[in-house]
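Enquirer: Numbering (our numbering), first residue to last: 64 to 493.
The structure that follows is given in the form of structure tokens.
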């Protein structure tokens, strides 16, 4: 018996048309999935608060500094770019912020205050990209937009040039390249190269991550273990590697300057740990993994010496809780064996890999985890409801318990003394 031709046989055309109609209706229903009030409220609140921060800085910059509504790195970057602008232009080989110049340099031709407009465009592009990557590819719920817009640091960084907001967008583009069925390896490496101009270590090690995934092909479940092994080996061999890799050499120089003031540096001194020793280097790597994961959630700086709320410290604390919960969710998601969870598993694996690679740096910088937070938080949103609330409640409980213990033991809470900054060029009055 000859099977019917489903393309031309009139007897089966009604069934074929019915199937196609149901499929197209299903696609339309999927596309019409409502985003929810959390999505829209988060966007409205983010831009309302960032506008308020911008206005306060413009009206009274010193007061904004006193209340912790100014990000020191943003001020320092703006002042550095202003110096290069005065001394002959931003496109100089000695300019250490070439990547930032690519995104914000045009504003100096008009007025650096337009950095806020640039950041608005970058954030809106990030929101659109997160909808594509987080909601459509990772199938995360719409409330996971809080991983992007719920980070108070970004609100405070909006008025001026910074690294975090461009890196956030580029990381989303990178993940989009890797989540495609026909992975765009060269495009992914191109985005890593652009990130290298913003933060060399971050871009370089993401290149390593992309190349490792290229080798593993569709075995992305093994990516975190592979990266952890490679980076732990690099920590053991940090001395020899620092002599041949400029990125690691600069990192070693910074560590030696900060060894007495950074938490791991102080602990390393107390325990007589040498980062250039094989065994000690591995021990310090483990300590940095814990510090990068926990320090912002456990040791918040919530007020200044005058007892007023220190908003950037509060923002760091909230980010610490978000990233702790998100990485716990990533660890759970990578254990999935379902073939249908391949994209979700890869997103979670990338979140863990960024944590591993940031911890290779000899000084603790959990802020470097900010660009991957939206993807990690989306991965948290894809685990079961019970597991999700377990991750969130665990992160909150660990943080509040540490704060309570410090209060019970009557330990002096961390405070910030008076800070002074030169008025940055993005302030109109300047």
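Ideal Cβ positions, reconstructed from N, Cα and C, are used throughout, including at glycine.
Leaving out the 5 sequence neighbours to the left and right, which residues in its chain are closer than 6 Å to residue 341 when beta-carbon positions are compared?
Expert: Contacts found: 299.
Enquirer: Mind pulling the alpha helix (DSSP H) runs of 4 or more residues that sit fully within the region 185-217?
Expert: The qualifying runs are 209-212.
Enquirer: Return the chain-ordered list of same chain residues with a C-beta closer than 7 Å to the C-beta of residue 255, the five sequence neighbours on each side being excluded.
Expert: Closer than 7 Å at the Cβ level, and outside the excluded window around residue 255, lie 237, 266, 269, 270, 273.
Enquirer: Given that a residue counts as buried once 16 or more other Cβ atoms are within 10 Å of its Cβ, and exposed if not, what is residue 427?
Expert: Its Cβ being crowded by 16 or more others within 10 Å, residue 427 is buried.
Enquirer: Within the continuous alpha helix (DSSP H) that includes residue 225, where are the two ends?
Expert: Note, residue 225: premise wrong, no alpha helix (DSSP H); not H, not E.
Enquirer: Could you compute how far the alpha carbon of residue 227 sits from the alpha carbon of residue 284?
Expert: So the alpha carbons of these two residues sit roughly 28 Å apart.
Enquirer: In whole angstroms, give me the CA-to-CA distance for residue 339 and residue 302.
Expert: Taking the straight line from one Cα to the other gives about 5 Å.
Enquirer: Apply the 10 Å Cβ neighbour rule to residue 497 and answer buried if 16 or more other Cβ atoms are within range, or exposed otherwise.
Expert: Residue 497 is absent from the model: the chain starts at 64 and stops at 493.
Enquirer: Count the C-beta pairs between the region 384-391 and the region 458-467 that are closer than 8 Å, then say yes if the count reaches three, no if not.
Expert: Counting Cβ pairs under 8 Å, three or more are found: they touch.
Enquirer: Just reading off the alpha helix (DSSP H) that residue 400 is part of, what are its end residues?
Expert: Neither: residue 400 is in no alpha helix (DSSP H) and is coded neither H nor E.
Enquirer: Pick helix, strand or coil for residue 147, following the three-state DSSP scheme.
Expert: Looking at residue 147 - three-state DSSP - the assignment turns out to be helix.
Enquirer: Among residues of its own chain, excluding the 5 on either side of residue 401, which ones have a beta-carbon nearer than 6 Å to its beta-carbon?
Expert: Nothing meets the Cβ criterion.
Enquirer: Determine the direct distance from the alpha carbon of residue 162 to that of residue 259, and round the result to whole angstroms.
Expert: Rounded to the nearest angstrom, the two C-alpha atoms are 8 Å apart.
Enquirer: Taking just the CA atoms, how far does residue 221 sit from residue 395?
Expert: Distance between the alpha carbons of residue 395 and residue 221: 33 Å.
Enquirer: Could you give the residue range of the alpha helix (DSSP H) that holds residue 494?
Expert: No answer is possible for residue 494: the residues shown for the chain start at 64 and end at 493.
Enquirer: On a CA-only basis, which of 204, 247, 354, 368 is nearest residue 451? Give me that one, please.
Expert: The option with the nearest alpha carbon to residue 451 is 204.
Enquirer: Below 7 Å between beta carbons: does that hold for residue 434 and residue 193?
Expert: Not closer than 7 Å, so no.
Enquirer: Please report the straight-line C-alpha distance between residue 243 and residue 367, rounded to a whole angstrom.
Expert: Between residue 243 and residue 367, the C-alpha separation is close to 47 Å.
Enquirer: Would you call the region 403-410 and the region 156-170 in contact, with 3 or more CB pairs under 8 Å?
Expert: No: the two stretches stay apart, fewer than three of their Cβ pairs being nearer than 8 Å.
Enquirer: Assign residue 353 to buried or exposed, taking buried as 16 or more other Cβ atoms, counted over all protein chains shown, within 10 Å of its Cβ.
Expert: Result: exposed.
Enquirer: Would you mind listing the alpha helix (DSSP H) stretches within the region 255-294 that are 4+ residues and don't spill past its ends, in chain order?
Expert: Complete alpha helix (DSSP H) runs here, min 4: 263-279.
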